[in-house]
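Chemist: If you scroll down you'll find the structure; I have some questions about it.
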Amino acid sequence: MGRKGRDTCRFPAARIKKIMRSDEDVGKITQATPILVSCALELFLKSLVGECVKEARLRSGKKLSPSHLKAAIANNEKFDFLKDLVANVPDPTDNDDDADGDSKKKKRKRAAPTPGGQKKKSAAAAAEADDEIGEEPEAEAGEEGRAKVVERKHSIQSLLLNDEEN
Numbered sequence: 287m288g289r290k291g292r293d294t295c296r297f298p299a300a301r302i303k304k305i306m307r308s309d310e311d312v313g314k315i316t317q318a319t320p321i322l323v324s325c326a327l328e329l330f331l332k333s334l335v336g337e338c339v340k341e342a343r344l345r346s347g348k349k350l351s352p353s354h355l356k357a358a359i360a361n362n363e364k365f366d367f368l369k370d371l372v373a374n375v376p377d378p379t380d381n382d383d384d385a386d387g388d389s390k391k392k393k394r395k396r397a398a399p400t401p402g403g404q405k406k407k408s409a410a411a412a413a414e415a416d417d418e419i420g421e422e423p424e425a426e427a428g429e430e431g432r433a434k435v436v437e438r439k440h441s442i443q444s445l446l447l448n449d450e451e452n
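See below:
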């Protein structure tokens, strides 16, 4: 088992490698590449969600909605390449956050608790957990490769932080 800590990324490198291999234009993939893509994706999403949270707070919203995402993308040049993806999302309005649609939706009932207080795993969650076993970056890259990945991750983080300051 790999060590859990600051050096691991949240997205499975094996799945990223599989997605990369599905593109016929991609040649050989080194072991560190999916790990770096995973870390870069994590940092990108952190930045995007942070902007969405700012938009929600500006509108006194309690929940993030697609309109917050659209506003965050529209108000930040860094995310211009995503504008086509949110073109069909309704424009944000101030009264969207007040109602949140809760009055129209029915509340779902919770399932009866299982004996012993343990939650049951769905078949999909169990299969996903089985897929992710052994996908730790340390197992894929080895000790030398892991050190390079950590170094590159920190350089990516510093580049993104410098970009946010400018």
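Numbering (the numbering used here), first residue to last: 287 to 452. Don't be surprised by glycine CBs; every beta carbon is placed ideally from N, CA and C. Just so we're clear, the structure is a prediction, and the values are computed from it rather than from any experiment.
For A358, which residues from the same chain have a beta carbon less than 8 Å from its beta carbon, with the 5 sequence-adjacent residues on both sides left out?
Modeler: Along the sequence shown, read from residue 1 onward, the residue named residue 358 stands at position 72. Here the set comprises L334, E337, C338, K340, E341 and F365.
Chemist: Looking only at C-alpha atoms, which of L331, F330, L371 and D377 sits nearest to R345?
Modeler: Here residue 345 is taken as the residue at index 59 of the sequence shown, counted from 1. Here the closest residue by C-alpha is D377.
Chemist: Near K356, which residues of its chain fall below 6 Å by C-beta distance, leaving aside the five closest residues on each side in sequence?
Modeler: Against the sequence shown, residue 356 aligns to sequence position 70. V372 and V375.
Chemist: What do you get for I315, buried or exposed, if any count of 16 or more other CB atoms within 10 angstroms of its CB means buried?
Modeler: Your numbering for residue 315 matches position 29 in the sequence shown. Burial call: exposed.
Chemist: I need the boundaries of the alpha helix (DSSP H) containing A397, first residue and last residue.
Modeler: Indexing the sequence shown from 1 puts residue 397 at position 111. Where A397 is concerned, there is no enclosing alpha helix (DSSP H), given that its DSSP letter is neither H nor E.
Chemist: In the structure shown, what three-state DSSP assignment does R296 receive?
Modeler: Within the sequence shown, the letter at position 10 stands for residue 296. If DSSP states are grouped into helix, strand and coil, R296 belongs with coil.
Chemist: What's the call for G313, buried or exposed, on a 16-neighbour Cβ count within 10 Å?
Modeler: In the sequence shown, the residue the question calls residue 313 occupies position 27. G313 comes out exposed.
Chemist: If I measure Cβ to Cβ from L350 and keep anything under 6 Å in the same chain, skipping five residues before and after, which residues do I get?
Modeler: Residue numbering aside, residue 350 sits at position 64 when the sequence shown is read from its first letter. The answer, listed in chain order, is C338 and A342.
Chemist: In chain order, which alpha helix (DSSP H) runs of at least 4 residues are fully inside the segment 312-355?
Modeler: Counting only runs of 4 or more, we get 318-344.
Chemist: For K369, which residues from the same chain have a beta carbon less than 8 Å from its beta carbon, with the 5 sequence-adjacent residues on both sides left out?
Modeler: Working through the sequence shown from its first residue, we reach residue 369 at position 83. So the qualifying residues of the chain are I359 and A360.
Chemist: Which same chain residues end up closer than 8 Å to R304 when comparing Cβ atoms and leaving out the 5 residues on each side of it in sequence?
Modeler: Mapped onto the sequence shown, residue 304 falls at position 18. Just to set this straight, residue 304 is Lys in the shown sequence, not Arg. Nothing meets the Cβ criterion.
Chemist: Give me, in chain order, the residues of the same chain whose beta-carbon lies closer than 8 Å to that of S308; leave out the 5 immediate sequence neighbours on both sides.
Modeler: By 1-based counting over the sequence shown, the position of residue 308 is 22. Closer than 8 Å at Cβ, skipping near neighbours: no residue.
Chemist: T294: which of D311, L329, R396 and E310 sits nearest, CA to CA?
Modeler: Counted from its first residue, the sequence shown places residue 294 at position 8. The residue with the shortest Cα to Cα distance from T294 is L329.
Chemist: With DSSP as the reference, label K369 as helix, strand or coil.
Modeler: By one-based count along the sequence shown, residue 369 stands at place 83. Reduced to three states, the DSSP call for K369 is coil.
Chemist: Do L331 and I302 come within 9 Å of each other at the CB atom, strictly closer than that value?
Modeler: Position 16 of the sequence shown, counted from the start, is the residue given in the question as residue 302. Position 45 of the sequence shown, counted from the start, is the residue given in the question as residue 331. Contact flag unset, no.
Chemist: Where does E310 fall in DSSP's three states?
Modeler: Here residue 310 refers to the residue found at position 24 when the sequence shown is read from its first residue. If DSSP states are grouped into helix, strand and coil, E310 belongs with coil.
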